[in-house]
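Worksheet: one structure, shown below.
Protein chains: 4
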Amino acid sequence: MKSENRKILTRSAVRRQREREERYQTILRAAESLFAKEGYHQTSINQIADLAEVSVGTVYFYFKNKEDLLIQLFEEISYLFRSMIGGEFKKREASLEGIMRAGHLFFDKFCSLYPDKLAILYRETVGQSPALAEHRQRFQKKIIGDLQGALQRASENMGFSFPSPDSVEVIAVSIIGIYDCIVSHFLLSNDRTQDLKVIGDDAVSFLMGGIRSMCQ
Amino acid sequence: MKSENRKILTRSAVRRQREREERYQTILRAAESLFAKEGYHQTSINQIADLAEVSVGTVYFYFKNKEDLLIQLFEEISYLFRSMIGGEFKKREASLEGIMRAGHLFFDKFCSLYPDKLAILYRETVGQSPALAEHRQRFQKKIIGDLQGALQRASENMGFSFPSPDSVEVIAVSIIGIYDCIVSHFLLSNDRTQDLKVIGDDAVSFLMGGIRSMCQ
Amino acid sequence: MKSENRKILTRSAVRRQREREERYQTILRAAESLFAKEGYHQTSINQIADLAEVSVGTVYFYFKNKEDLLIQLFEEISYLFRSMIGGEFKKREASLEGIMRAGHLFFDKFCSLYPDKLAILYRETVGQSPALAEHRQRFQKKIIGDLQGALQRASENMGFSFPSPDSVEVIAVSIIGIYDCIVSHFLLSNDRTQDLKVIGDDAVSFLMGGIRSMCQ
Amino acid sequence: MKSENRKILTRSAVRRQREREERYQTILRAAESLFAKEGYHQTSINQIADLAEVSVGTVYFYFKNKEDLLIQLFEEISYLFRSMIGGEFKKREASLEGIMRAGHLFFDKFCSLYPDKLAILYRETVGQSPALAEHRQRFQKKIIGDLQGALQRASENMGFSFPSPDSVEVIAVSIIGIYDCIVSHFLLSNDRTQDLKVIGDDAVSFLMGGIRSMCQ
DNA sequence: TATGAATGAGAGTTCATTCAT
DNA sequence: CATGAATGAACTCTCATTCAT
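Here the protein sequences come in this chain order: F, C, X and D. Be aware that the first sequence starts at -6, since it is given in this note's numbering, and climbs by one per residue. Be aware that the second sequence starts at -6, since it is given in this note's numbering, and climbs by one per residue. Be aware that the third sequence starts at -6, since it is given in this note's numbering, and climbs by one per residue. Be aware that the fourth sequence starts at -6, since it is given in this note's numbering, and climbs by one per residue.
Listed below in structure tokens is the structure:
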């Protein structure tokens, strides 16, 4: 009977844990949606609580404060980004093809699956708070570093070289800039989701051309 | 006596006009500095009034509201941007050289002369309000349009062509994205102002390579 | 079998009773420590529960509410105070020596044994809530009454008299005031615990002088 | 005409200054009354604003925050206290008579004129916040120091001495304690304002007896 | 025109208390 | 009995905006 009891306790503990996780997600999804649609400053904690169908207190049970909500969201999105795209950058046998594939992954998969996350990543997390700025910088540095590493290794594997290490950084930053601006222009400002395939192809061609022109 | 009076009135009217313009500028400069350093939301009208050494009421005499202050600032900056850089894009006898020159102008002149304006343009005016978003979009469209036109005319003048009109737009957007991200990464996040010359050269090389690779 | 069963039940009932008492004490000690260190209003029920290593619900099982926690604490401390010091006041054969002994007991024993309790008694239970104020007043009245009685009986036993019954009350209140302020000044505001012996002696001399000067 | 204009401006500036001072006082008086009657924590800024017939914002225009309101109040009261009573302590030609006079001044004048201030001084400013605690300690130290100085000088002027400098401090603290507790017991807990004269006389007799018994 | 005190809606946040498990 | 997630009223504080002088 004791062991049965324990089993029951374990079951309810597991259920409770799952419910906690669900609540956390519900709130985070509500915040994501509102931040993406209304903007971070235009969204109040009350709105988030309402949409998540919980009380204000519950939001504060799961998140330290409003900023924390945005930071957790950012962390989640940036982790997702690196999971999907970053893989191509970290491979040992790096090549320019890998960099191309990463670009296509971004435009074809990430952009079409997560429009709200794009808005958070490229609009709502810009210039909002010092703590967030740090997270953004850390993320940017990582992703640029990944890309830099991939370019470096590709050059070694494929027998060419770049003018200088600084050049590689500039190239990496430029590629990220292309991603950013394509998203801002074609998805956030004007909705041209249906042309995304072509746009993405052109952007990738452009950036590959840029890379190749820098190889010696 | 009448004419004398008129003359005096005119003189004082002129002086008043000049004083008005000076006040307007003083307030706008105060706002620019604070927005760039503290951020738009972290800056209050009182702070702006204090820095400009005027009263809060005076700020509201010259500007409709806080948002208007940011919009006027944005308009001023975007006008300056187009004055400096856009010239190269609007020339009849457009060429790839012109596009290169524009890039160098941006990095060598605009970036080093107006660090505060860069912060406003690339950080503080992102995702703040619908009205501002419209101004930003209009500006982005114009500058992208200018660049598109220049690319188009260059291709005609120089006897080559781009895959499609859409490609030209993607190229233009990409170039703008490169500008944006170079500024964010090398000037706003990390201060590498002293390396700007080399960074700018590399960025321009990269984007020119991208353009050339798209020509047929 | 029944009696055996009963016996077992009784044993477990006893254990349960002991555990209850221990829990009650654990929570009360946690509250005492936090109230003394952080202050009543700066301490939350969650903090108390954490320190006591129980859940919030458990705190509410043992105490009606937060105020009750402070009241129980006050009652415990005031009972302890009267147990230690009050004895001297209640003796039939009261004398000025008894009053002196009470003073020394307070400074040498109570103050050095229970620093946290002093903070509760002299700082955290002042001006916090009407219900608590009543408890404090009841305690003050009792202790002043005890002291008044002792003074009265001492005067009868030793063959002198005080100007009026009101004078006796004033003397009693003054003595309590001396205790209070010595604690506040030398223990709570500035830590001069090591000088307590000398300070206590001087304070007792002073108050005894006061008493004697009022005798006729 | 210019000078007349200036005069008018000056007049309105003076009036404005006066109005500011009046508002400040109105708010401070409202806070005093509510803190004394309801208690510091039981009083909300809204209540204060309502009683003062101003908006919440106005309260925050004149005071940094709620704590500041209590601190300003405390500073005002402690200044008043030292103005009325402290004078006797600071005289060159100090004597025990001066110390007596100070006691009578406190009970006969201060206590009967400012019942609300007594509640603030002896109840509401105890154990509320670290910042306030510092102000209280500073005040207590000053007043105890004043009294210590007076006792020292009196002993020199009148040709007697105290056992040790520490004794003088203990005596000073004890006297302050007597004041405190008489107020708490006879004015704040039980309203015996009408007996104040007799009570004060007895208290002063008692404390003078204490002092004399310590002289050698 | 310039001033700056006054406004008050609205925001973020806290926390004592409850109650289903 | 113990738990701890959930509640939501209540609080302090901010700040863009107004308007009498």
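Idealized CB from N, CA, C, for every residue including glycine.
Q. Can you name the start and end residues of the alpha helix (DSSP H) that residue 152 of chain C belongs to?
A. Segment: none, residue 152 of chain C is in no alpha helix (DSSP H) and carries neither H nor E.
Can you check whether the C-beta of residue 195 of chain X is within less than 8 Å of a C-beta belonging to chain D? yes
message = Relative to the C-alpha of residue 24 of chain D, which candidate in D:193, D:49 and D:8 has its C-alpha closest?
response = D:49
Next on the checklist: At a CB distance below 9 Å, what residues from the segment 41 to 70 of chain X approach chain D? Give them in sequence order.
Outcome noted: none
**Request:** Please name the residue, chosen from C:85, C:95 and C:197, that lies closest to residue 75 of chain C on a Cα-to-Cα basis.
**Result:** C:95
Check: Are the C-beta of residue 219 of chain F and some C-beta of chain C separated by less than 8 Å?
Finding: In the structure displayed, chain F extends from -6 to 209; residue 219 of chain F sits before or after that span and is not available.
**Prompt:** Between the Cα of residue 195 of chain X and the Cα atoms of X:171, X:177, X:102 and X:183, which residue gives the shortest distance?
**Reply:** X:171
Buried or exposed: where does residue 83 of chain F fall if 16 or more other Cβ atoms within 10 Å of its Cβ makes it buried?
exposed
field: Spatial distance of residue 58 of chain X from residue 65 of chain X (CA atoms)
entry: 11 Å
Handout entry: Unbroken alpha helix (DSSP H) run spanning residue 68 of chain F, endpoints
Key = 59 to 74
Task: Sub-8 Å separation of residue 206 of chain X and residue 91 of chain D beta-carbons - done: no
Continuous alpha helix (DSSP H) assignments of at least 4 residues falling wholly in the segment 95 to 181 of chain X: 108 to 112, 123 to 151 and 158 to 176
Checklist line | Close beta carbons around residue 81 of chain C, own chain, < 6 Å, minus the five adjacent residues each side | finding: 91, 94 and 95
Practice prompt. Thinking residue 115 of chain F and residue 176 of chain F are a contact (beta carbons under 8 Å), I'd like their distance in whole angstroms, please.
Written response: 5 Å
- Item | Delimiting residues of the alpha helix (DSSP H) encompassing residue 81 of chain C | 80 to 83
Legend entry - Cβ shell of residue 118 of chain D (< 7 Å), same chain only, five flanking positions each side left out: 63, 67, 125 and 129
* To do: Could you tell me the distance, in whole angstroms, from the CA atom of residue 200 of chain X to the CA atom of residue 200 of chain D?
  => 8 Å
Which residue wins for smallest C-alpha separation from residue 113 of chain C, given the options C:18, C:11, C:173 and C:87? C:173
- Taking Cβ to Cβ, would you say residue 79 of chain F is nearer than 8 Å to residue 136 of chain F? yes
Chain F beta carbons: is any one of them nearer than 8 Å to that of residue 202 of chain C? yes
With residue 20 of chain C and residue 41 of chain C assumed to form a contact (beta carbons below 8 Å), what rounded beta-carbon distance in angstroms separates them?
-> 7 Å
Step through the CB atoms of chain C and report whether any lies within less than 8 Å of the CB of residue 170 of chain F.
yes
| task | Compute the distance between the beta-carbons of residue 169 of chain F and residue 89 of chain F, then report whether it is under 8 Å. | result | no
Problem - Buried versus exposed call for residue 260 of chain C [16 or more other C-beta atoms within 10 Å across all chains shown] - result: The question about residue 260 of chain C has no answer, for chain C in this structure spans -6 to 209.
message: Here's the rule: buried if 16 or more other CB atoms are within 10 angstroms of the residue's CB, otherwise exposed. What is residue 110 of chain F?
response: buried
Min CB distance residue 173 of chain F to chain C below 8 Å:
yes
Enclosing alpha helix (DSSP H) for residue 40 of chain F [first to last residue]
38 to 45
Spatial distance of residue 98 of chain X from residue 127 of chain X (CA atoms)
26 Å
| task | Out of D:32, D:27, D:55 and D:121, point me to the one whose CA is closest to residue 43 of chain D's CA. | result | D:27
Can you name the start and end residues of the alpha helix (DSSP H) that residue 188 of chain C belongs to? No alpha helix (DSSP H) contains residue 188 of chain C, which DSSP labels as neither H nor E.
Rounded to whole angstroms, what is the Cα-Cα separation between residue 9 of chain X and residue 54 of chain X? 15 Å
Q) At least one CB of chain X closer than 8 Å to the CB of residue 207 of chain D: is that the case? A) yes
Does chain F have any CB closer than 8 Å to the CB of residue 8 of chain C? no
### Message
List, in chain order, every chain D residue whose beta-carbon is nearer than 7 Å to that of residue 211 of chain X.
### Response
Nothing in the structure corresponds to residue 211 of chain X, since chain X is present only between -6 and 209.
Out of curiosity, what's the CA-to-CA distance linking residue 162 of chain D and residue 18 of chain D? 36 Å
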